[in-house]
Amino acid sequence: MALTTKASTYDFYRALEKSTNNTGINLPPSRYPALFRMILQWRHLQMLKWAGRGHSPTGAAGTGEGELAIQCPSCPHPSINLPVGWENAPDEMKFLYMVMICMDANFRLKNQMVSNWSQDPGLGIGWAYMIPLKGYEEYVKSRLSDKDISTCVGFQALAKANTKFSIGLRYTGLGLTVCGRSEMIMRVGNLHKGERYANMDYIFASILRTLAVQFVLASYDIACQWFINLLRRIETQWPDEIKPRSNITLMPAIPKLHEPMHKQQNHELYSYNYMPGVGLSDGECPERVWAPHNVLANATKTQGPGSRHDTLDDHFGFWNWLKYTSMGTTLLRKYKNAVAQRNIQTEGHRGLTDSLEDPRLVPAWEKMCVEWEKDPFPKTTAKNPYYVKETGASEAEVKKALHDEEAEFLSKGGTLPHKTTPSVFIGMGLDLEEAQRRLKRLATNTSADATIRQEGTLTEQRNILTTRIRAWEQLVPIYMPGLLQYQTDNPPTEQSTHAEDIVLWLPSMVPAECRETICVAGLADVEQKLRMAHMTDSLNAIRQILKIKSRMIEFKNKNIRGQRGGTRSTSVIDRVHERARFAAGKYRAARKAYFELAGPGNWEQNYRILVSGQHYNQCDKATNKD
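For the numbering used here, count along the sequence shown from 1 and bump the result up by 1014.
Take a look at the structure:
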């Protein structure tokens, strides 16, 4: 019952106690400690019996590391389930002998500083799924100076906000490896403080050193960071006892659900969709393992280290047993679906090929894909057929191009009206415009009942911005000599009272019919190019920020519980989304100005109107606010 319902021994004892006497009066002496010890012993003896240790000459005492674990029958084991000569299999069949290891960390299964290893040593430490303590603890302690694993989508702010309250915890969670084919648990290790390279490396190595295969797929939600220096760490940091036995080729991958939350640049290398031999595997099997086991957190959090170790081993063994016994029906279901999908995909590929204007391109494309697949990581030799170049130049690229044009103009004997070039003049104006948007946000967030210090900060920022605007306005008559006459003919109806409301007279603020007479030649073109770059950068920023937010929400939902942790995490996520709102405001301002400069055209197909609520991702609630 404990394995299927995940009910704790304490809950089971309370149920027996209440069924005996539900009045709360004259209760019998508590037998919970004795029951708990009995269950731990029974679990341990059952695991020894299931593994057949009684038939071994060395008995239970001779049990080795991981011998009580139920091994995955679908993983390649030489001399057990592999044919003779499997090492010489042709390239198109080598995927059959590849091991798929999926890794992940869990911060729900914590353990408080209750008891110690001397008082609660456990009954079978390292004999099943949890890795042995000695070598693991020594290696982790030797790498205490290492930093936590970072991610290219940066959820460290959220992680640090919640791990700083880890005082009183022996372990902050678990690290896990799972077979990517059968979803059977391989090895599990405790996380001492966050998700660090040392912990995850050792857990991964505890599986890697037992393998005698040629290819290993390592799937990890932050493989793009973890794998970069993995080979160097294997050579220089890993102890000899955990180094791989053979010359293994490692291939990194990012699970399909996590992959969209990462930066897209150079991430085709880690996509399951472009890897040969993985089929429709998604790499998300650790999440499916954590889902039913997270409910154990309340029970194992307050257990001693040895009792927690044995309890987790028992539940992990039950998970593997269910996967093992249901493998026949699972494979049959997948086989039937694969046959049907093979026919559908074959017909779809044929139809796509026939619809091409030049079907002769298909062999060239297929050759390009095959060469890229055969190129070992990091795939620097073959051309990437899946890379799509981003459209539009960034602001930095546009500024460099403008500066080069001005330098070439000056080298040919040309002169400029001022030492501040036109591109710098427009760039200064756009920077002031961005500062105004930031100041408006600050003024909006400063409530009517703000403190004197908050009001003083707002006033100080306004004074600084006003001074910058007045200095920039000294250049306006040089590059927009006709502006004074235009302002005289069209006086403003309202006067600006605050710095964030001052009108910045850029070419886009002038009507198109008056622009040539007001601005020097080419000034409007400079702003037009920079506005286009602003739109490109803003959209890229919105996409990246929403990916970061998706990662943070996924981290919060998976690992954080309680009002304090939830409130703290929500505030961090809200600050991240504030950046998306600011990028959206910058995009709208740039698009409005570009429309004034260029008018309607084909550019509107790529740079559309961004309305409130569109800069939200699939993780946000239906209530959109800007």
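Every residue, glycine too, gets a C-beta built ideally from N, C-alpha and C.
Here the structure is a predicted model, which is why all the values come from computation and not from measurement.
Could you name the residues of the same chain whose beta carbon sits closer than 6 Å to that of residue i, not counting the 5 residues immediately before and after it, in chain order?
i	result
G1684	The chain is shown only over 1015 to 1640; residue 1684 falls outside these bounds and no answer can be derived.
T1460	Q1468, L1472
G1140	E1079, P1146
N1334	I1084, M1198, I1199
Y1313	The sequence given here places Ala at residue 1313; Tyr does not occur at that position. These residues qualify, in order along the chain: S1022.
What are the start and end residues of the alpha helix (DSSP H) that includes residue i?
i	result
L1444	1436 to 1459
M1052	1046 to 1064
Q1499	1497 to 1503
L1611	1577 to 1612
R1484	1466 to 1487
Q1085	Where Q1085 is concerned, there is no enclosing alpha helix (DSSP H), given that its DSSP letter is neither H nor E.
Q1359	1341 to 1369
F1569	1537 to 1573
T1019	1016 to 1019
G1149	1147 to 1156
M1382	1375 to 1388
Return the bridge partner residues of residue i from the DSSP annotation.
i	result
G1194	DSSP, once it has assigned bridges, lists no residue as partnering G1194.
S1233	C1116, A1267
L1188	N1120, N1204
L1283	Partner(s): none; L1283 has no beta bridge.
R1067	Looking at the DSSP assignment, R1067 forms no beta bridge with any residue, so it has no partner.
N1035	N1035 pairs with nothing; no bridge assigned.
Q1126	L1183
M1289	M1289 is not bridged to any residue.
M1107	Beta-bridge pairing links M1107 to no other residue.
Would you report the Cα separation of residue i and residue j, rounded to the nearest angstrom?
i	j	result
V1292	M1117	16 Å
Y1024	H1329	16 Å
Y1143	E1081	9 Å
V1517	S1510	8 Å
G1580	P1436	50 Å
L1283	Q1239	13 Å
D1640	T1481	Model confidence at D1640 stands at a pLDDT of 47, short of 50, so the residue's coordinates are unreliable and nothing is read from them.
F1229	P1390	11 Å
D1368	R1374	10 Å
S1093	E1101	12 Å
Q1488	V1438	14 Å
D1235	H1323	25 Å
Q1214	G1189	Checking the sequence shown, residue 1214 turns out to be Met, not Gln. M1214 and G1189: Cα-Cα distance of roughly 6 Å.
E1298	S1033	42 Å
L1416	S1522	18 Å
L1054	K1381	58 Å
T1550	A1538	19 Å
I1217	Q1251	14 Å
A1267	E1409	32 Å
I1492	L1498	11 Å
Y1401	M1015	52 Å
M1566	H1272	11 Å
Taking all protein chains shown into account, do 16 or more other C-beta atoms lie within 10 angstroms of the C-beta of residue i, making it buried, or fewer, making it exposed?
i	result
R1589	exposed
E1361	exposed
N1280	exposed
G1073	exposed
A1354	exposed
D1254	exposed
F1569	buried
Q1317	buried
R1622	exposed
Y1608	buried
I1358	exposed
H1363	exposed
N1125	buried
L1424	exposed
V1540	buried
K1337	buried
R1545	buried
Y1150	buried
L1310	buried
K1426	exposed
Identify, in the order they occur along the chain, each residue of the same chain with its Cβ nearer than 7 Å to the Cβ of residue i, setting aside the five sequence neighbours on each side.
i	result
F1121	T1186, G1187, N1573
L1624	A1598, Y1601, R1602
A1175	Any reading at A1175 must be qualified, since the residue scores a pLDDT of 47, below 50, and its modelled position is unreliable; no value is offered.
G1076	S1070
A1226	P1092, R1259, S1260
A1212	Y1153, V1154, R1157, D1160
Just to confirm my understanding: we take residue i, look at its own chain, exclude 5 residues before and 5 after, and list those with CB closer than 8 Å. What are they?
i	result
L1479	L1446, A1449, Q1450, L1453, A1513, E1514
C1383	P1399
If you follow the beta strand (DSSP E) that residue i is part of, which residue opens it and which one closes it?
i	result
I1199	1199 to 1205
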